[in-house]
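Colleague: For the protein sequence lines, the chains are A and B, in the order given.
Going left to right, the first sequence walks through residues 1348 to 1682 as the working numbering numbers them.
Going left to right, the second sequence walks through residues 1348 to 1682 as the working numbering numbers them.
The beta-carbon is built from N, C-alpha and C at its ideal position, and this holds for glycine as well.
In this text, all values refer to a predicted model and were calculated from it rather than measured experimentally.
Protein chains: 2
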Amino acid sequence: MKFGLFGGAVARRGEETADSQGYGDFIDTVIEAEQLGFESIFIVEHHFSGGGQLSSSLNLLSYLAAKTSTIRLGTAVTVLPWHNPVLIAEQAATVDLLSGGRLDFGVGKGYRDIEFHGFDIPKEEALARYEESIEVIVKSWTSDERFDHTGKYWSFNDIIVEPPTIQKPHPPLWTAAGTDQSIARVAETGMSVMLDHFASFERTEERLKAWRDACKRFDRKFDPMEVALARGVTITLSEEELEEATMIREQRVSKMFDKFGALPGLEKSLPDQPDSYANPDLAIDDAALLGTPEMIIKRIQTLKDMGFEHILFLLPDSIETLRIISKEIMPAFKD
Amino acid sequence: MKFGLFGGAVARRGEETADSQGYGDFIDTVIEAEQLGFESIFIVEHHFSGGGQLSSSLNLLSYLAAKTSTIRLGTAVTVLPWHNPVLIAEQAATVDLLSGGRLDFGVGKGYRDIEFHGFDIPKEEALARYEESIEVIVKSWTSDERFDHTGKYWSFNDIIVEPPTIQKPHPPLWTAAGTDQSIARVAETGMSVMLDHFASFERTEERLKAWRDACKRFDRKFDPMEVALARGVTITLSEEELEEATMIREQRVSKMFDKFGALPGLEKSLPDQPDSYANPDLAIDDAALLGTPEMIIKRIQTLKDMGFEHILFLLPDSIETLRIISKEIMPAFKD
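Quick look at the structure:
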């Protein structure tokens, strides 16, 4: 099995530090995570939240490329409608080059209203912008000849895009999907898929089935490494700690859902449905890995039995959690 | 006096290497340059050249932020018309944060036809796009409150831009200028100025006078560190080497001028002028610092006597040149 991480650095306005490591705790964590055996770090991109969320993920990955040597460097996700597709292709290729070919490029079409409003881009255009961007990005990475692009949102004339990527034909593309239909679409495109950390184990198993079915339908070989499953993790040593951890997680997820009106792949229910969290994919209580190391091993074993072999842990608050995972949980899954 | 460097990394298509340091020679050079006492590295940004020129300068600077600790990290220049001003403000702020406040942000409006054509942006819009972008970038860096922007080219609604910069109120802004008029305009804006490496010593002295005059006019204190003068440098140990170096420089500058129809701040002469290099600001033979260390010390002393105290050497082909500058030339200007 492969274990990676998913998260982001935070730097709030008014809390600037003058040392050479803004985002310092996050960076230290990634450096230690590599040594602890975690195989990837996927980082978010968000704008205008006011909470100091990471906005320039490819710049932070460039920095991490210099501070690490083996860990895969991923975005989860770069929201394509915000970006000029040629510029983002250049930036991603630069990270791939600087890291010796360690970029995993996760892309999405965006879901937060505050971001669509901020960038003055209608949410209705998200999918079309996303699809046009992917076309331009892949062409930018793979074409050794000059080309033109005349699309609905972007035009480029007689361009050749540099630098070259190290990974050929190009860095792996990942995207998040939640419904069976969208999962099947990802399988069809050839991208790898990320499954969120909100859905219950049961729903998660259904999603994996949807992926397998789609692979069959589109004549794609099933590779468990191309299905990354995100999961929250909290290690607790007593019943009380477990209750507290469950409560904290519930509050956090609810707060995010309230603030942004959606989570990746999950929209709020329609207004005529009284329970605003009545989204069947949102399972706060069952989705995460909470408990003692032994309990978590059992839960991961359940996922493994379903067919999952690639888990991304949500970056925990304490690095001590990563040390315990490395020492007490990972060895149980050494092949 | 302060000595820095100006240049860019190169990675051509078809010459990919799988080591963890694409752009490797350039990176090694910057790391050693810091140890040799060079105080800054300003890097270019170019697109679609087909020659492997650096396209994502802020990503490379993010990497260098991790590999260095004191050297200033500059762009020369980030061409604003290509970029979403909020995204570039976020990226630059991230570099400033990651480097502990070492970013010098050089900006320009672009001059290469191949880039305007490639990005499908009319050259006539360059100045207006540049000016609108600067306004948005500075506001993005400095506003702790949400704001709107409705401009000719960009609109943003209710945004607050993160992360915060380390340098306050924001990283220094630099821009290149060539004519007395444009130099005066830079002085008026409060930015620092970069003077190119093409102009003769005589013309360069006139430009400094234009800057001083403008500072007086706009009630700005003259600070020699805010005027960075670029100069090519080649160390030669014999008459023959000097002749060869002069010839190589002439060929290179002519070739670039031919290929792009312009150089920063220099347009080709009008078609009715027979000599296409009859631009009075282009002095191939006199502009550079060529010769033995003793000869170059004399030339730099001449610049110092004019009032220049901040020199950016064009990154030479050989790192040995930097070692000689550090050992044999810099000590002559230790204050």
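Helix, strand or coil, according to DSSP, for A/Leu1431 in the structure here?
Modeller: As a first step, residue 1431 of chain A must be located in the first sequence, where it is residue number 84. At residue 1431 of chain A the sequence reads Asn, which differs from the Leu that was named. In the structure shown, A/Asn1431 sits in coil (DSSP, three-state: anything other than H, G, I, E or B).
Colleague: Let me know the secondary structure DSSP gives B/Arg1559 once reduced to three states.
Modeller: On the second sequence, position 212 is the one that residue 1559 of chain B refers to. Residue state, collapsed to three classes: helix.
Colleague: Please check if any C-beta of chain A sits within less than 8 Å of the C-beta of B/His1464.
Modeller: The count along the second sequence starts at 1 and reaches residue 1464 of chain B at position 117. At least one chain A Cβ lies under 8 Å of B/His1464.
Colleague: List, from N- to C-terminal side, the beta strand (DSSP E) runs of 3 residues or more that fit wholly inside the segment 1501-1566 of chain B.
Modeller: For the segment 1501-1566 of chain B, whole beta strand (DSSP E) runs of length 3 or above, ordered along the chain, are 1502-1506, 1520-1523, 1539-1542.
Colleague: Excluding the five sequence neighbours on either side, which residues of its own chain have a C-beta within less than 6 Å of the C-beta of A/Leu1669, listed in chain order?
Modeller: As a working note, residue 1669 of chain A is residue 322 in the first sequence. Cβ neighbours of A/Leu1669 beyond the five flanking positions: Ala1380, Leu1383.
Colleague: Quick one, which of A/Phe1660, A/Thr1489, A/Tyr1370, A/His1393 has its alpha-carbon nearest A/Ala1436's?
Modeller: Translated into the one-based positions of the first sequence, residue 1436 of chain A becomes position 89. Among A/Phe1660, A/Thr1489, A/Tyr1370, A/His1393, the Cα nearest to that of A/Ala1436 belongs to A/Thr1489.
Colleague: Here's the rule: buried if 16 or more other CB atoms are within 10 angstroms of the residue's CB, otherwise exposed. What is A/Glu1471?
Modeller: Position 124 of the first sequence, counted from the start, is the residue given in the question as residue 1471 of chain A. Exposed, by the Cβ-count rule.
Colleague: Whole angstroms are fine: how far does the CA of A/Pro1510 sit from the CA of B/Gly1398?
Modeller: Along the second sequence, one-based indexing puts residue 1398 of chain B at 51. Along the first sequence, one-based indexing puts residue 1510 of chain A at 163. Approximately 9 Å between the Cα atoms of the pair.
Colleague: Quick check: is the beta carbon of A/Trp1488 nearer than 8 Å to any beta carbon in chain B?
Modeller: Taking the first residue of the first sequence as position 1, residue 1488 of chain A is located at position 141. Chain B contact via Cβ: absent.
Colleague: Can you pull the chain B neighbours of A/Pro1469, defined as C-beta to C-beta under 9 Å?
Modeller: In the first sequence, the residue the question calls residue 1469 of chain A occupies position 122. Correct list: empty, because the minimum Cβ distance to chain B is about 12 Å.
Colleague: Pairing CB atoms from the segment 1506-1520 of chain A with CB atoms from the segment 1441-1459 of chain A, are three or more of them under 8 Å?
Modeller: A contact exists between the segment 1506-1520 of chain A and the segment 1441-1459 of chain A.
Colleague: May I ask you to report which of helix, strand or coil DSSP gives A/Gly1465?
Modeller: Walking along the first sequence from the start, residue 1465 of chain A turns up at place 118. Helix, per DSSP.
Colleague: For chain B, is any of its Cβ atoms less than 8 Å away from the one on A/Thr1422?
Modeller: Reading the first sequence from its first residue, position 75 is the one you call residue 1422 of chain A. No, A/Thr1422 does not count as interfacial toward chain B.
Colleague: In three-state DSSP terms, what is B/Asp1495?
Modeller: Mapped onto the second sequence, residue 1495 of chain B falls at position 148. Looking at B/Asp1495 - three-state DSSP - the assignment turns out to be strand.
Colleague: On a CA-only basis, which of B/Ala1546, B/Arg1550, B/Leu1555 is nearest B/Val1540? Give me that one, please.
Modeller: Against the second sequence, residue 1540 of chain B aligns to sequence position 193. Closest by alpha carbon: B/Leu1555.
Colleague: What's the gap between the Cα of B/Gly1640 and the Cα of B/Val1454?
Modeller: Within the second sequence, numbered from 1, the residue matching residue 1640 of chain B stands at position 293. Within the second sequence, numbered from 1, the residue matching residue 1454 of chain B stands at position 107. Residue 1640 of chain B is actually Pro in this sequence, not Gly. About 33 Å.
Colleague: Does the separation of the CB atoms of B/Trp1521 and B/Ala1557 fall below 8 Å?
Modeller: The residue labelled residue 1521 of chain B in the question sits at position 174 within the second sequence. The residue labelled residue 1557 of chain B in the question sits at position 210 within the second sequence. No, these two residues do not count as a Cβ contact at 8 Å.
Colleague: From this set, B/Val1508, B/Gly1447, B/Thr1526, B/Trp1501, which residue's C-alpha is nearest A/Tyr1370's C-alpha?
Modeller: Start at 1 with the first residue of the first sequence, and residue 1370 of chain A comes out as number 23. Closest by alpha carbon: B/Gly1447.
Colleague: Where does A/Ser1402 fall in DSSP's three states?
Modeller: As a first step, residue 1402 of chain A is located in the first sequence; it is residue number 55 there, counting from the start. Looking at A/Ser1402 - three-state DSSP - the assignment turns out to be coil, as it is neither helix nor strand.
Colleague: If you compare alpha carbons, which of B/Ser1480, B/Lys1499, B/Ser1396, B/Arg1419 is closest to B/Gly1465?
Modeller: Numbered from 1 along the second sequence, position 118 holds the residue referred to as residue 1465 of chain B. Comparing Cα-Cα distances from B/Gly1465 to each of B/Ser1480, B/Lys1499, B/Ser1396, B/Arg1419, the minimum goes to B/Ser1396.
Colleague: Give the single residue among A/Leu1407, A/Asn1431, A/Pro1432, A/Met1642 whose Cα lies nearest to the Cα of A/Gly1421.
Modeller: Numbered from its first residue, the first sequence carries residue 1421 of chain A at position 74. When each option's Cα is compared against that of A/Gly1421, the closest is A/Leu1407.
Colleague: Are the beta-carbon atoms belonging to A/Gly1457 and A/Ala1439 less than 8 Å from one another?
Modeller: Taking the first residue of the first sequence as 1, we reach residue 1457 of chain A at position 110. Taking the first residue of the first sequence as 1, we reach residue 1439 of chain A at position 92. No, they are not a contact pair.
Colleague: Rounded to whole angstroms, what's the CA-CA distance from B/Glu1492 to B/Tyr1500? Just pull it up for me.
Modeller: In the second sequence, the residue the question calls residue 1492 of chain B occupies position 145. In the second sequence, the residue the question calls residue 1500 of chain B occupies position 153. B/Glu1492 and B/Tyr1500: Cα-Cα distance of roughly 22 Å.
Colleague: So who's on the other strand from A/Phe1660, going by DSSP bridges?
Modeller: Counting from one through the first sequence, the residue named residue 1660 of chain A turns up at place 313. A/Leu1352, A/Arg1578, per the DSSP bridge assignment.
Colleague: Let me confirm a value: A/Arg1564 is counted as buried when at least 16 other C-beta atoms fall within 10 Å, else exposed. Which label applies?
Modeller: Walking along the first sequence from the start, residue 1564 of chain A turns up at place 217. That one is exposed.
Colleague: Within 8 Å of any Cβ in chain A, is that where the Cβ of B/Arg1360 sits?
Modeller: Your numbering for residue 1360 of chain B matches position 13 in the second sequence. B/Arg1360 counts as touching chain A.
Colleague: In chain B, what lies closer than 8 Å to A/Glu1437 by C-beta?
Modeller: Taking the first residue of the first sequence as position 1, residue 1437 of chain A is located at position 90. His1394, Ser1402, Ser1403, listed in chain order.
Colleague: Quick one: does B/Ser1409 have its CB under 8 Å from some CB of chain E?
Modeller: Among the protein chains in the structure shown, which are A and B, there is no chain E.
Colleague: Please report how far the alpha carbon of A/Leu1661 lies from the alpha carbon of A/Phe1389, in whole angstroms.
Modeller: Position 314 of the first sequence, counted from the first residue, corresponds to residue 1661 of chain A. Position 42 of the first sequence, counted from the first residue, corresponds to residue 1389 of chain A. The straight-line gap from Cα to Cα measures roughly 9 Å.
Colleague: Spell out the partners DSSP gives B/Gly1455 in its beta bridges.
Modeller: As a position in the second sequence, residue 1455 of chain B is number 108, starting the count at 1. B/Gly1455 pairs with B/Val1426.
Colleague: Helix, strand or coil for B/Val1391 per DSSP?
Modeller: For the purposes of this step, residue 1391 of chain B is taken as residue 44 along the second sequence, with counting starting at 1. In the structure shown, B/Val1391 sits in coil (DSSP, three-state: anything other than H, G, I, E or B).
Colleague: Spell out whether any CB of chain A is found under 8 Å from the CB atom of B/Ser1502.
Modeller: Mapped onto the second sequence, residue 1502 of chain B falls at position 155. It does: the Cβ of B/Ser1502 has a partner Cβ on chain A nearer than 8 Å.
Colleague: Does the beta carbon of B/Lys1414 come closer than 8 Å to any beta carbon on chain A?
Modeller: As a working mapping, residue 1414 of chain B is identified with position 67 in the second sequence. Chain A contact via Cβ: present.
Colleague: Nearest chain A C-beta to B/Tyr1370 closer than 8 Å, yes or no?
Modeller: For this step, residue 1370 of chain B is matched to residue 23 along the second sequence. So, interface residue.
Colleague: Determine the burial state of B/Ala1625: buried for a count of at least 16 other Cβ atoms within 10 Å of its Cβ, exposed for fewer.
Modeller: Here residue 1625 of chain B refers to the residue found at position 278 when the second sequence is read from its first residue. Below a pLDDT of 50, predicted positions are generally treated as unreliable, and B/Ala1625, at 41, falls in that range; no measurement from the model is reported.
Colleague: Could you please give me the residues that DSSP links to A/Gly1638 through a beta bridge?
Modeller: In the first sequence, the residue the question calls residue 1638 of chain A occupies position 291. DSSP lists A/Ile1582 as partners of A/Gly1638.
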